[in-house]
Structure formats: structure tokens, C-alpha cells
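Participant:
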Amino acid sequence: MRKLLFFLLGLLCFGGFMWESFIFFNLNLSVKQWHTFGAAMAVLLLFYFLPLAVLASYFSKKEELKLSHFWLSFLAGAAGIASLSGLLNLWLTRFLGMIVSNQSFLNNWSASIVPPFAEEGLKLVIALVIAYLVKAKKLSAYLLIGLGVGLGFQLSEDYTYVTAAFIDKVSSPLLQAFLRLESAFASHWLLTAMLSGACFILFVEKGKSKPYLTYLWLISPLILHVLWNSPWIDGNIVLKVLLTFVSWFLFGTLFYYVFFGKSRKSLTS
Numbered sequence: 049m050r051k052l053l054f055f056l057l058g059l060l061c062f063g064g065f066m067w068e069s070f071i072f073f074n075l076n077l078s079v080k081q082w083h084t085f086g087a088a089m090a091v092l093l094l095f096y097f098l099p100l101a102v103l104a105s106y107f108s109k110k111e112e113l114k115l116s117h118f119w120l121s122f123l124a125g126a127a128g129i130a131s132l133s134g135l136l137n138l139w140l141t142r143f144l145g146m147i148v149s150n151q152s153f154l155n156n157w158s159a160s161i162v163p164p165f166a167e168e169g170l171k172l173v174i175a176l177v178i179a180y181l182v183k184a185k186k187l188s189a190y191l192l193i194g195l196g197v198g199l200g201f202q203l204s205e206d207y208t209y210v211t212a213a214f215i216d217k218v219s220s221p222l223l224q225a226f227l228r229l230e231s232a233f234a235s236h237w238l239l240t241a242m243l244s245g246a247c248f249i250l251f252v253e254k255g256k257s258k259p260y261l262t263y264l265w266l267i268s269p270l271i272l273h274v275l276w277n278s279p280w281i282d283g284n285i286v287l288k289v290l291l292t293f294v295s296w297f298l299f300g301t302l303f304y305y306v307f308f309g310k311s312r313k314s315l316t317s
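Every position in the sequence shown, counted from 1, becomes a number in my numbering once 48 is added.
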């Protein structure tokens, strides 16, 4: 079963990478546009990707986890499900349009209803599959895998916004990269890590009492994703700051539980 899942995951990543490469190279960027693209991606890499990758490296060493599991998760999140999530979002949005006739409601709220369920569901499935493949037995391992999947998905999503700016020409790709930083510090990496950790505590960990916060860790990623995608967020700096700090607080409580609480012992079975 593991060999088959590894093969399917590899096939998914290869297919996603080839599809994104096909789209990108068909943009036919000029030399100047290549420089702009490089600068935009450098902003994303320097401001959130590298710090989180360093953090993952530090805690993988601290928890005696294999860093390769984090990078496998990152690759799966970046190449394996990015294109798939786009298709799923499209199909579910069309389905929502078939059952909801209020066009104004759809225009305002479809982005808040469909992507949170589609994306959080896909990321969680991939994270749990990888945890099964690498035989993860610690809560910290699930957290790291979730962080990797979410971070890969987040960078891929931000890359899509940057490349889309070359097509629609409404805003500069470099400006788009900086705009993506508004939510980058409490985005997919945090949501998937929290969701993966909560699933481990509730459904994998045995013989221990469940902290009451576990249920909040389980449902808050979906709620936060809905709020981040809601029409209330546009131009609302106060709400963005509030959501960021609420996300940090919730993730901080899980982070403390994982690395400083009673959950540090690995499972024996």
C-alpha cells in the first residue's frame, strides 16, 4: 500500500509541476519581466519561506525528526495539490452556482465558502497520507508535516498571483508579491500545521486525555480561512491584524503543547 501511495504522490507532483511549467513558459516573458519575476519571488522567499524553513530545520533536529519528511511535504503541497485545488475550487463553485440563485451572494461569498473547504480538505489529506508513508509517530512530526504541506501550497498560491499579474497587467508582479505578505504570516502553513496536529491528538494519539483546546485547533483553521477570504477583509487593516494575532495565539498554544507539554513522548505503536 505504501509503495502504491508513494507512486501516486510522485505522479501527482510530477503532473502538477509539468502543468505549471507549461503555463509559465507559455507566458513568453521578456528579459525585464524575468528580472521582475525573480525579484517578486525573492520577496516571498526571503520574508516568509526561508524563516519558516529554518524554523522547521531547527525543530526537526530538536525533535529528532527527519528533515527530508518536511521537504517531501513541502514538495507535495507545492506541486502535488496546487493545480488540483484550482480545479476543485472551480467545480465546487459551479456546483454552488447551481444550488444558489442569488448572484450577489455568490459574487461576495463564494470565495469564502468554497476554497476553505476544498483547500483545507486537500492539504489535510496530503498531510495525513505523508504521515502514513513516513510512519510518523509523534505529534511534532505531524505538526512539521502539516507545516511543510501548507508552506508548499502557500508559496505555490503566491506564485500563481505573481504570474497572473503578468497576464492581467492590472498590478505589478512585485507589488502583488508584497500584497501577498499581508496574510503570509498566518496563512496556509499555520492552518495546515494546526489542523494536522489536532487530527493527531484526536484520532491517532491513544491513552492520553485530550486538551479542550484540541477541538478549537481542529475547527479554527476552517473558520480563519473563511474570514480571510470574506468580503469583510478587503481594505480592513484592523481585521487583518486581528486575524493574524488570533492565528498566532491559537498556533502558539498548540506549539507550546507540542514542544513543552506532555506530548513530547513518541507513540510506541
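All C-beta atoms in this analysis are idealised placements derived from N, C-alpha and C, irrespective of residue type, glycine included. Predicted model, so just to flag it, every value in this text is computed and none were measured.
1) Near I189, which residues of its chain fall below 6 angstroms by C-beta distance, leaving aside the five closest residues on each side in sequence?
2) Using beta-carbon positions only, say whether S121 and G196 come within less than 7 angstroms of one another.
3) Quick one: which unbroken alpha helix (DSSP H) runs of 4-plus residues sit fully inside the segment 206-263? Chain order, please.
4) Starting from S78, follow the alpha helix (DSSP H) in both directions and report where the run begins and ends.
5) Expressed to the nearest angstrom, what Euclidean distance is found between the alpha-carbon atoms of I354 and K217?
6) In its own chain, which residues sit with a C-beta less than 7 angstroms from the C-beta of T84, not counting the 5 before and 5 after it?
7) In this structure, does DSSP put V197 in helix, strand or coil?
8) Pick helix, strand or coil for A184, following the three-state DSSP scheme.
9) Three-state secondary structure (DSSP) at V309?
10) Less than 8 angstroms between C-beta atoms, sequence neighbours within five positions excluded: which residues of the same chain meet that for I193?
11) I'd like the list of long-range same chain contacts for T301, defined as Cβ closer than 6 angstroms, with 5 residues on each side in sequence excluded.
12) Return the chain-ordered list of same chain residues with a C-beta closer than 6 angstroms to the C-beta of T316, the five sequence neighbours on each side being excluded.
13) Tell me which same chain residues have a C-beta within less than 7 angstroms of the C-beta of A124, skipping the five on either side of it?
14) In angstroms, rounded to a whole number, what distance separates the CA positions of V79 and G86?
15) Over what stretch of residues does the alpha helix (DSSP H) that includes A130 continue unbroken?
16) Need the endpoints of the alpha helix (DSSP H) that K109 sits in, please.
17) For S108, tell me which candidate among F293, L187, L93, Q202 has the shortest Cα-Cα distance.
18) Under three-state DSSP, which class holds K51?
19) What separation, rounded to the nearest whole angstrom, lies between the Cα atoms of Y96 and V210?
20) Please check the pair A234 and L291, which I expect to be a contact at CB under 8 angstroms, by giving their CB distance rounded to whole angstroms.
21) May I ask you to report which of helix, strand or coil DSSP gives K114?
22) Report all residues from its chain with a CB closer than 6 angstroms to the CB of L172; omit the five preceding and five following residues, and keep chain order.
23) CB-CB under 7 angstroms to S160, same chain, minus the five flanking residues each way: which ones, in chain order?
24) For S295, which of helix, strand or coil comes out of DSSP?
25) What does the alpha-carbon distance come out to for the pair V289 and L238?
Facilitator: Concretely, from the data shown:
1) A quick correction: the sequence has Ala, not Ile, at residue 189. If we look at A189 and ignore the five residues flanking it on each side, its Cβ neighbours are L113.
2) yes
3) 221-232, 236-247
4) First-last for S78: undefined, no H or E at that position.
5) This structure cannot speak to residue 354, because the chain is shown only from 49 to 317.
6) P221, L222
7) helix
8) coil
9) One point to set straight first is that residue 309 is Gly, not Val, in the sequence displayed. Three-state result, G309: coil.
10) H117, F118, S121, A175, I178, A179, V182, A184, S244
11) L261
12) Annotation note: pLDDT 32 at T316 (below 50); position unreliable, no value reported.
13) L57, C61, I174, I178, V197, G200
14) 11 angstroms
15) 130-147
16) 98-110
17) L187
18) helix
19) 16 angstroms
20) 7 angstroms
21) coil
22) L243
23) V274, N277, S278
24) helix
25) 15 angstroms
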